[in-house]
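Participant: Below is one structure. I have some questions about it.
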């Protein structure tokens, strides 16, 4: 047997081992466990604010840690930092490249970042002494579009790319510290764990991967989706991962038992999931879809308990404030809406 | 040799699978219990779940009261 053939057989055998090991700990399903729990009551959220100002499709939004300021990115070529309480624009930052796909607010509130078809992640300093917001660094190394970025601190940021890799950057020197390679398709989204030791990525190879930030090791891989994963996020306790896919479903994977516990789908939903965010307790899962709506799911019972309708085009991004008080949806209709 | 880089790649795939196969796995019953427990413990502090009263809702325009 040739070496390649031998390696292929070994790979298949290991995949079978993983499947068997996952089954071996499946003494109960999540559905069995929560069978006695009631579904949460109907959740009806109202639009409290509409943030108007972008002139084209909004592709991304991210809340600041103060739960008041947020940043949004639109293909009108602007990043806007909003005071969501007053709806005032705190900053309107013109971008070199209008083909932006992602944005992120640094936990400190000192910086924002964005990127897209320019293959770069641009970091903007919001607190420059002269009061002008300018580009602080342009992180260039990816050979594909920037799909997502998330700050770890003012000195480190993680990016995901259409080149199938994720990168950890040193912002100060503008160089790559660690490459996270292993996905076989475009990386579409990433999420950082609450303890900042790991992050998760969702890709067009239909899998989600959990990575150790410091040593670059892929620790776990989760499959099951039948199409591209567009959105990914951690369950608030950091022990589970939620994905949203073009296959019209969301899935919750538990990290410690290393398997899918529940799928969020409905025969009436036939369009892709674009974005997702859990509520503060994790009991609600808010997910944005291509059909202009956002569905609210009971995370434990996998039943739909509410809908946010109000956008006139695809909901492209969603985020729940760190204090859990509200959620924000961003849409191709150029508006952001704040709901609670 | 044209075949050698794909063998190197395949070796990495096998190495990664071996790593993933060897992790410790907790029973689903325990994992499910902890997920549910987290939801229950934090439910009261989850504003989207419990609802937000207009007096404490930062997104509701309020008249400002001042003590003179």
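Protein chains in written order, with the numbering used here: chain U, 78 to 417; chain L, 18 to 85.
Every residue gets a Cβ at the ideal spot worked out from N, C-alpha and C, and that includes glycine.
Determine, using beta carbons only, whether residue 297/U and residue 335/U come nearer to each other than 7 Å.
Facilitator: Walking along the first chain from the start, residue 297/U turns up at place 220. Walking along the first chain from the start, residue 335/U turns up at place 258. Yes, these two residues count as a Cβ contact at 7 Å.
Participant: Helix or strand or just coil, what does DSSP make of residue 414/U?
Facilitator: The count along the first chain starts at 1 and reaches residue 414/U at position 337. Strand.
Participant: Does the beta carbon of residue 103/U sit closer than 7 Å to a beta carbon anywhere in chain L?
Facilitator: Reading the first chain from its first residue, position 26 is the one you call residue 103/U. Closer than 7 Å: yes.
Participant: Which residues, taken in chain order from the stretch 52 to 78 of chain L, show a beta carbon closer than 7 Å to some beta carbon of chain U?
Facilitator: Going along the stretch 52 to 78 of chain L in chain order, one finds 52, 53, 55, 56, 59, 60, 62, 63, 64, 65, 66, 69, 74, 75, 76, 77 with a Cβ nearer than 7 Å to chain U.
Participant: Note down, one range per segment and in chain order, each alpha helix (DSSP H) of at least 4 residues found wholly within the stretch 229 to 258 of chain U.
Facilitator: Complete alpha helix (DSSP H) runs here, min 4: none at all.
Participant: When the cut-off is 7 Å and only beta carbons count, does residue 25/L lie next to chain U?
Facilitator: As a first step, residue 25/L is located in the second chain; it is residue number 8 there, counting from the start. Residue 25/L does not count as touching chain U.
Participant: At a Cβ threshold of 7 Å, is residue 22/L touching chain U?
Facilitator: In the second chain, counting from the first residue as 1, residue 22/L sits at position 5. Closer than 7 Å: no.
Participant: Ignore the nearest five residues each way along the sequence and tell me which others in residue 18/L's own chain have a CB closer than 8 Å to its CB.
Facilitator: Start at 1 with the first residue of the second chain, and residue 18/L comes out as number 1. For residue 18/L, the predicted structure reports a pLDDT of 47, less than 50, and the residue's modelled location is therefore unreliable. A value from the coordinates is still provided. If we look at residue 18/L and ignore the five residues flanking it on each side, it has no Cβ neighbours.
Participant: Give the residues of chain L in contact with residue 114/U, contact being defined as C-beta atoms less than 8 Å apart.
Facilitator: In the first chain, the residue the question calls residue 114/U occupies position 37. Within chain L, the residues near residue 114/U are 53.
Participant: Chain L partners of residue 162/U, CB-CB under 8 Å?
Facilitator: Walking along the first chain from the start, residue 162/U turns up at place 85. Per Cβ cutoff of 8 Å: 75, 76.
Participant: Residues in the same chain with beta-carbon distance under 6 Å from residue 279/U, minus the five sequence neighbours each way, listed in chain order, please.
Facilitator: Counting from one through the first chain, the residue named residue 279/U turns up at place 202. Once the five neighbours on either side are set aside, the close Cβ partners of residue 279/U are 265, 266, 285, 306, 309, 320.
Participant: Compare the C-beta of residue 18/L against all C-beta atoms of chain U and say whether one is closer than 7 Å.
Facilitator: The count along the second chain starts at 1 and reaches residue 18/L at position 1. Low confidence applies to residue 18/L: its pLDDT is 47, below 50, so where it sits in the model is not reliable enough to give any reading.
Participant: In this structure, how does DSSP classify residue 96/U when only helix, strand and coil are distinguished?
Facilitator: As a first step, residue 96/U is located in the first chain; it is residue number 19 there, counting from the start. Three-state DSSP puts residue 96/U in a helix.
Participant: Would you call residue 32/L buried or exposed, if buried means 16 or more other Cβ atoms sit within 10 Å of its Cβ?
Facilitator: Taking the second chain and counting its residues from 1, the one referred to as residue 32/L is at position 15. Per the 10 Å Cβ criterion, exposed.
Participant: So, for residue 140/U: in the same chain, excluding its five sequence neighbours on each side, which residues have a beta-carbon less than 6 Å away from its beta-carbon?
Facilitator: In the first chain, counting from the first residue as 1, residue 140/U sits at position 63. Hits under 6 Å: 147, 396, 398.
Participant: Is the CB of residue 95/U under 7 Å away from at least one CB in chain L?
Facilitator: The sequence position of residue 95/U within the first chain is 18, counting from 1. So, interface residue.
Participant: Give a yes or no on whether the C-beta atoms belonging to residue 255/U and residue 240/U are separated by under 7 Å.
Facilitator: Residue 255/U sits at position 178 when you count from the first residue of the first chain. Residue 240/U sits at position 163 when you count from the first residue of the first chain. Against a cut-off of 7 Å, the Cβ pair of residue 240/U and residue 255/U comes out as no contact.
Participant: Could you name the residues of the same chain whose beta carbon sits closer than 7 Å to that of residue 204/U, not counting the 5 residues immediately before and after it, in chain order?
Facilitator: Along the first chain, one-based indexing puts residue 204/U at 127. 187.
Participant: Are the stretch 53 to 65 of chain L and the stretch 399 to 416 of chain U touching, with three or more C-beta to C-beta distances below 8 Å?
Facilitator: Taking 8 Å as the limit for Cβ pairs, the verdict is that the stretch 399 to 416 of chain U does touch the stretch 53 to 65 of chain L.
Participant: Taking contact to mean at least 3 C-beta pairs separated by less than 8 Å, is the stretch 162 to 175 of chain U in contact with the stretch 29 to 49 of chain L?
Facilitator: They do not touch, by the three-pair rule.
Participant: One question on the structure: do residue 161/U and residue 373/U come within less than 7 Å of each other, judged by their Cβ atoms?
Facilitator: Walking along the first chain from the start, residue 161/U turns up at place 84. Walking along the first chain from the start, residue 373/U turns up at place 296. Cβ distance not < 7 Å, so residue 161/U and residue 373/U don't count as in contact.
Participant: I need the straight-line Cα distance from residue 283/U to residue 208/U, nearest angstrom please.
Facilitator: For the purposes of this step, residue 283/U is taken as residue 206 along the first chain, with counting starting at 1. For the purposes of this step, residue 208/U is taken as residue 131 along the first chain, with counting starting at 1. In a straight line, the C-alpha of residue 283/U is about 44 Å away from that of residue 208/U.
Participant: Report the neighbours of residue 110/U on chain L: residues whose CB is nearer than 7 Å to its CB, in chain order.
Facilitator: For the purposes of this step, residue 110/U is identified with residue 33 of the first chain, where counting begins at 1. The contacting residues are 46, 49, 50, 53.
Participant: Just to confirm my understanding: we take residue 388/U, look at its own chain, exclude 5 residues before and 5 after, and list those with CB closer than 6 Å. What are they?
Facilitator: By one-based count along the first chain, residue 388/U stands at place 311. The answer, listed in chain order, is 369, 408, 410.
Participant: Could you tell me if residue 238/U is buried or exposed, where buried requires 16 or more neighbouring beta carbons within 10 angstroms of its beta carbon?
Facilitator: Counting from 1 along the first chain, the entry for residue 238/U is found at position 161. The residue is buried, with at least 16 neighbouring Cβ atoms inside 10 Å.
Participant: Can you tell me whether DSSP reads residue 84/U as helix, strand or coil?
Facilitator: By 1-based counting over the first chain, the position of residue 84/U is 7. In the structure shown, residue 84/U sits in a helix (DSSP, three-state: H, G or I).
Participant: Just by C-beta distance, which residues in the stretch 288 to 311 of chain U are closer than 9 Å to chain L?
Facilitator: Listed by position along the chain: 294, 295, 296, 297, 298.
Participant: In angstroms, rounded to a whole number, what distance separates the CA positions of residue 246/U and residue 114/U?
Facilitator: The residue you call residue 246/U lines up with position 169 of the first chain. The residue you call residue 114/U lines up with position 37 of the first chain. Straight-line Cα distance between these residues: approximately 44 Å.
Participant: Considering only DSSP beta bridges, list what residue 402/U is partnered with.
Facilitator: One-based indexing of the first chain puts residue 402/U at position 325. According to DSSP, which records beta bridges pairwise, residue 402/U is partnered with nothing at all.
Participant: What residue range does the beta strand (DSSP E) around residue 127/U cover?
Facilitator: On the first chain, position 50 is the one that residue 127/U refers to. Residues 124 to 128.
Participant: Going by the CB atoms, is the gap between residue 268/U and residue 17/L shorter than 7 Å?
Facilitator: Only positions 18 to 85 of chain L appear in the structure, and residue 17/L is not among them; the question remains open.
Participant: Please list the partners that residue 119/U has in chain L, where partner means a Cβ-to-Cβ separation under 9 Å.
Facilitator: Against the first chain, residue 119/U aligns to sequence position 42. Here the premise fails: no neighbours, minimum Cβ distance about 11 Å.
Participant: Which residue wins for smallest C-alpha separation from residue 189/U, given the options 156/U, 217/U, 288/U?
Facilitator: On the first chain, position 112 is the one that residue 189/U refers to. Residue 156/U is the option with its Cα nearest to residue 189/U.
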